[in-house]
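Since the structure comes first, as structure tokens, the remarks are kept for the end.
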Amino acid sequence: MRLIWMAIFDEYVTGMENENLHGEMVTTNGEIGVKVANNENEKEQISTSIKSLGPINVGQSDNGLAKDKCTLGIYEALSESALSVSKKVQLKNPTKPDSVLNFFKNHGFSQTQIRKTVERMPKLLLCNAEKTLLPKFQFFYSKGIPSSDLSVVLSSTPAVLGYNIDNCIIPNFNSFKDFTRCDDSEVFLAYKKCSLILSNSFQSIVAANVALLREHGVPDSNILTELVRHPRVFTLNHDKFRRTVEEVEKLGFNPLKSNFLTAYQVLAQISKSTWERKLNVFKEWGWSDEDFVIAFEKFPRQEDNSKVFSASSSVIQRFYQETNKWSVSDLE
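To convert, note that position 142 of the sequence shown is 523 in our numbering; the numbers rise steadily by one, no gaps.
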């Protein structure tokens with residue numbers, strides 16, 4: 382049954398988040414974290430750089446091939462927001478960039494998705510689309526991944542397009558599938574959450590952390606389920622991973638229960654000092670360590686626990702001050 386306290390707090394935090402939307406925001410372009418152009422000088426630099434690709438006319442490009450409206454629109458979008466492109470690659474000839482942009486278009490990518498992909502991996506503009514990109518797309522198609530899903534995931538997380546198909550993508554895809562005993566679509570969704578799962582470093586990082594969980598008595602079934610759903614939390618530095626697992630044990634969570642890994646996921650997202658500060662705020666209002674375990678047991682969905690226990694100390698304090706004291710006894 383839902384917990385009244387959790388539901389009220391969730392609504393409260395959501396309201397706080399909406400308030401923050403009116404504050405100052407810094408936009409980044411995703412994984413590589415490059416700031417998007419936000420003033421006229423930066424936009425002018427981008428425009429100048431993109432123009433070095435060649436004349437952008439509705440007629441013909443330098444190589445004599447007609448440049449269609451979709452490609453033109455992508456160039457225009459890049460000139461407005463892709464400061465990273467002009468800084469990270471040197472484009473002297475439009476032939477390869479044109480072929481890459483058209484490749485994505487022909488495989489179902491929207492103009493926005495193409496722009497996002499190029500912003501995240503500018504060097505793709507320098508690759509041979511047929512030799513570098515096509516084999517990877519064909520591999521995912523062979524796994525039953527439709528182009529509509531492929532465009533959504535790869536535009537948000539295009540790292541795999543830089544991996545070697547034979548020595549990296551295929552063996553790591555199969556290894557993750559065999560180890561977790563999940564199907565092809567689940568492997569692809571796991572990649573969306575953590576691009577490292579198809580890299581050669583993933584297995585070496587995860588192996589030690591999985592072994593540690595087994596040593597602490599966490600059942601394989603729980604480990605594999607969590608690995609598929611939240612692969613990124615398994616990629617922590619092993620020392621930090623170990624310390625977090627030990628902290629979860631100290632709080633009294635049972636390794637045999639699924640909420641052990643739920644608690645781990647929450648603690649893994651914040652520093653120890655931040656977590657202790659939040660615990661102290663709750664304890665000021667009468668919560669004990671046992672109360673936290675009860676809260677996780679009665680409200681097991683990870684996103685709900687994350688919302689509550691990952692909220693800032695000031696938000697927690699403000700909630701208590703505005704709603705009066707709540708305790709575990711108020712939980713249904």
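Ideal Cβ positions, reconstructed from N, Cα and C, are used throughout, including at glycine.
A quick note: this is a predicted structure, and the numbers were derived from the prediction, not measured.
- If you draw a straight line from the Cα of Leu-507 to the Cα of Arg-623, it is about 42 Å long.
- Take the alpha-carbon of Ile-495 and the one of Lys-504: they are about 13 Å apart.
- In this structure, the alpha-carbon of Ala-592 lies about 10 Å from that of Gly-598.
- Taking 8 Å as the upper bound for CB-CB distance, Phe-615 and Val-629 are not in contact here, some 14 Å apart.
- Within a 10 Å sphere around the beta-carbon of Asn-553 sit 16 or more other beta-carbons, which makes this residue buried.
- Taken through DSSP and simplified to helix, strand or coil, Val-599 comes out as coil.
- The beta carbons of Gly-633 and Glu-671 sit about 6 Å from each other, so the pair counts as a contact at 8 Å.
- In this structure, Lys-573 lies away from Val-626, with their beta-carbon atoms at least 7 Å apart.
- Membership of Phe-521 in the alpha helix (DSSP H) is indicated by the continuous run 515-523.
- Pairing Tyr-544 with Ile-551, the inter-Cα distance amounts to about 10 Å.
- Counting only residues of its own chain and dropping the five nearest sequence neighbours on each side, Leu-542 has a CB closer than 7 Å to the CB of Met-502, Leu-505, Leu-514, Lys-517 and Leu-535.
- In the DSSP assignment, Leu-642 falls within the alpha helix (DSSP H) that extends over 640-649.
- With respect to the C-alpha of His-611, the residue from Thr-655, Thr-493, Val-499 and Ala-649 having the closest C-alpha is Ala-649.
- Restricting attention to Glu-500, Val-647, Ile-526 and Gly-667, the CA atom closest to the CA of Asp-564 is found in Ile-526.
- At a Cβ-Cβ threshold of 7 Å, Ile-578 and Phe-560 do not count as neighbours.
- When secondary structure is reduced to three states using DSSP, Tyr-544 falls in the coil class, being assigned neither helix nor strand.
- Per DSSP, Glu-511 lies in no alpha helix (DSSP H) and is assigned neither H nor E.
- Asp-479 counts as buried, since no fewer than 16 other beta carbons sit within 10 angstroms of its beta carbon.
- It is roughly 10 Å from the alpha-carbon of Asn-555 to the alpha-carbon of Cys-549.
- Here Thr-498 is near Pro-539, since their CB atoms are less than 7 Å apart.
- Excluding residues up to 5 positions away in sequence, Phe-615 lie with their Cβ nearer than 6 Å to the Cβ of Val-587 in the same chain.
- The alpha-carbon of Leu-594 is positioned some 46 Å away from that of Asn-483.
- Distance from Ser-639 to Asn-603 at the Cβ level is roughly 5 Å; contact confirmed, criterion being Cβ atoms closer than 8 Å.
- Burial check for Gln-646: the Cβ neighbour count within 10 Å reaches 16 or more, so the residue is buried.
- For Phe-485, the CB contacts under 7 Å within the same chain, skipping 5 residues up- and downstream, are Ile-495 and Thr-498 in chain order.
- The beta carbons of Gly-489 and Ser-523 sit no closer together than 7 Å.
- Val-609 is a Cβ neighbour of Ala-571, given a cutoff of 7 Å.
- DSSP places Ser-669 outside both helix and strand once states are collapsed to three, so it counts as coil.
- Ser-652 counts as exposed, since fewer than 16 other beta carbons sit within 10 angstroms of its beta carbon.
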